[in-house]
Every structure is written in structure tokens, then in C-alpha cells.
Amino acid sequence: MHQQIFVNLPIENMARAQAFFRALGYEFNPQFTNDQGACLVVGENLFVMLLVKSFYQTFTDKAIADARTTSEVLVCFSCSSRDEVDALVDKAVAAGGTTPRPAQDLGFMYSRSFDDLDGHSWEFVHMQDASKALG
Numbered sequence: 000m001h002q003q004i005f006v007n008l009p010i011e012n013m014a015r016a017q018a019f020f021r022a023l024g025y026e027f028n029p030q031f032t033n034d035q036g037a038c039l040v041v042g043e044n045l046f047v048m049l050l051v052k053s054f055y056q057t058f059t060d061k062a063i064a065d066a067r068t069t070s071e072v073l074v075c076f077s078c079s080s081r082d083e084v085d086a087l088v089d090k091a092v093a094a095g096g097t098t099p100r101p102a103q104d105l106g107f108m109y110s111r112s113f114d115d116l117d118g119h120s121w122e123f124v125h126m127q128d129a130s131k132a133l134g
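To convert, note that position 26 of the sequence shown is 25 in numbering that gives the first Met the number 0; the numbers rise steadily by one, no gaps.
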């Protein structure tokens, strides 16, 4: 089965995008990072390739969606606690991101989201242990 996941997202400005995600505490894999693309490490086997639009376009014949006006994908990551969810989203807002909607608290699940500088939506969620959530 699959060993890793690489989510590819188009961006406008490489330096700005890298600075934004570094402000959230993320690192980039230098082996797969240059002026056209940057490999954002979000987990042991989870990566987001930030690709400048002209380079991204070489991978598809379709038009690139404007993430500020069109939903293209919802990227959601689990966190170990509500505090971690809040800390990540608060860092994103401090670095220039926006919060498109308020936090959602369903008791067993807590989530918040932000839109990055290119309009991509990122969601962070903390879920209680499934056995606790079911009763």
C-alpha cells in the first residue's frame, strides 16, 4: 500500500510561502526544495509540495483554481490536543493567514482552520479516542 503522501499546491511567491510556514514551526526538506518548489514536511511521511504556479502548471492541462475564490481541496491534519490546534492556527493568523470560520467544538472533536497567503484552506482537528467518543 502507499508509503507517503505528497499534496501539491500552487503558490504565487516562494519566499513568502516558505516564511509563512516556517513561522508555524514547519521545516522544508532541502533535497526537494528549490526556487520552483518546496517540500514542506508536515509529518514523518506527510509532505506538501508548494509549487510556483508556472511550475505547477507543467503537471496539468487543467486551469489552476484561484484558492481565494474557489474551494480546491480541504487539507486536514490531526493534532494531539486542542491546545496544539489553537497554537497552530494562532501562529498562522499572526503570520498573515486568515480564519474563514470559527472553531467547531463537537465535544469529541475540536477543529479550527485557516487560509494561507495563497488562499489554500488548512484544517487542524483534535479528536478524543474513538472509544471515549462513542460512549
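Positions of the beta carbon are idealized from the N, C-alpha and C atoms, including for glycine.
Since the model is a prediction, treat every value here as computed from it, not as a measurement.
Residue environment, residue i, which counts as buried when at least 16 other CB atoms sit within 10 Å
i	result
Arg111	buried
Leu8	buried
Gly106	exposed
Ile4	exposed
Ile10	buried
Met108	exposed
Leu73	exposed
Ala102	exposed
Ala18	exposed
Expected contact under 8 Å - CB spacing of residue i and residue j to nearest Å
i	j	result
Met0	Ala37	About 27 Å separates the two Cβ atoms, so there is no contact after all.
His125	Cys75	The Cβ separation is near 11 Å, so there is no contact.
Phe31	Val88	That pair is no contact at about 26 Å.
Identity of the residue in the options nearest residue i by Cα
i	options	result
Ala93	Phe20, Gln2, Val6	Phe20
Ser178	Ile63, Phe46, Arg67	Look at the range of the chain in this structure, 0 to 134, and you will see that residue 178 is not part of it.
Gln2	Arg67, Val88, Leu45	Leu45
Check whether the segment 51 to 65 and the segment 24 to 31 are in contact - that is, three or more C-beta pairs closer than 8 Å.
The segment 51 to 65 vs the segment 24 to 31: no contact.
Can you give, in chain order, each stretch of the alpha helix (DSSP H) that sits fully within the segment 91 to 133 and has at least 4 residues?
The segment 91 to 133 contains these whole alpha helix (DSSP H) runs: 129 to 132.
To test your reading of the DSSP string, which unbroken alpha helix (DSSP H) runs of 4 or more residues are found completely within the segment 33 to 91?
Fully enclosed alpha helix (DSSP H) runs of no fewer than 4 residues occupy 52 to 55 of the segment 33 to 91, in order along the chain.
Stretch-stretch touch, CB-based, cutoff 8 Å, three pairs: the segment 85 to 98 with the segment 112 to 123:
Using a C-beta cut-off of 8 Å, the segment 85 to 98 makes contact with the segment 112 to 123, since at least three inter-stretch Cβ pairs fall below that distance.
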